[in-house]
Amino acid sequence: MRAELGEQGWQSSDLPLDSDGVAVLVEDLSGLRADTIVADALGPTELEGFGLAPPRARIQVDPAQDGDARQALPLALLIGDRDPKRGQFVQREGDSKIYALDPSSGPSLPDSWESFVADYGRSDPPADSEDTDPGAAP
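Residue numbers (our numbering): 502 to 639.
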């Protein structure tokens, strides 16, 4: 799924979005700080144990192309399992380090399509469902 920030907030052709919720997610991602480095590098078998091979989810944020010299680099974050004590395991794509995000100090990142839809999707009423008088003749 791809979402873009437009004049009417965050939008996607794949899913109606809760624009305010997605804005909070993007803001949380921009301020994300790892609490713990779990490992400097792991092999594929060890990565599986953290839910990172394959990752449970992948979130990519590309900065706006507005000519601002201060713009951030693109971020691709691989999301792994959550451990109740250690936090959520993540890995920046292209970086060998594995990080844990403290569950008490940061956002809970969506770790599946289903959790993304539940947290950031919007349930719109069908277009043909208008408030009408139930006693009115068709």
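Positions of the beta carbon are idealized from the N, C-alpha and C atoms, including for glycine.
Discussion item. Give me, in chain order, the residues of the same chain whose beta-carbon lies closer than 7 Å to that of LEU516; leave out the 5 immediate sequence neighbours on both sides.
Written reply: Result list for LEU516: MET502, VAL618 and GLY622, in chain order.
Fill in: Neighbourhood of ARG583 by C-beta, 6 Å cutoff - its chain only, sequence neighbours within 5 removed
GLN589, listed in sequence order.
Discussion item. Any contact between the stretch 506-522 and the stretch 551-562? By contact I mean 3 or more CB pairs, one from each, below 8 Å.
Written reply: The stretch 506-522 is not in contact with the stretch 551-562.
Practice prompt. Note the first and the last residue of the continuous alpha helix (DSSP H) segment covering ASP582.
Written response: Where ASP582 is concerned, there is no enclosing alpha helix (DSSP H), although the beta strand (DSSP E) it sits in stretches over 576-584.
Discussion item. Check this for me: beta carbons of LEU579 and VAL562, under 8 Å apart or not?
Written reply: The answer is no: Cβ separation not under 8 Å.
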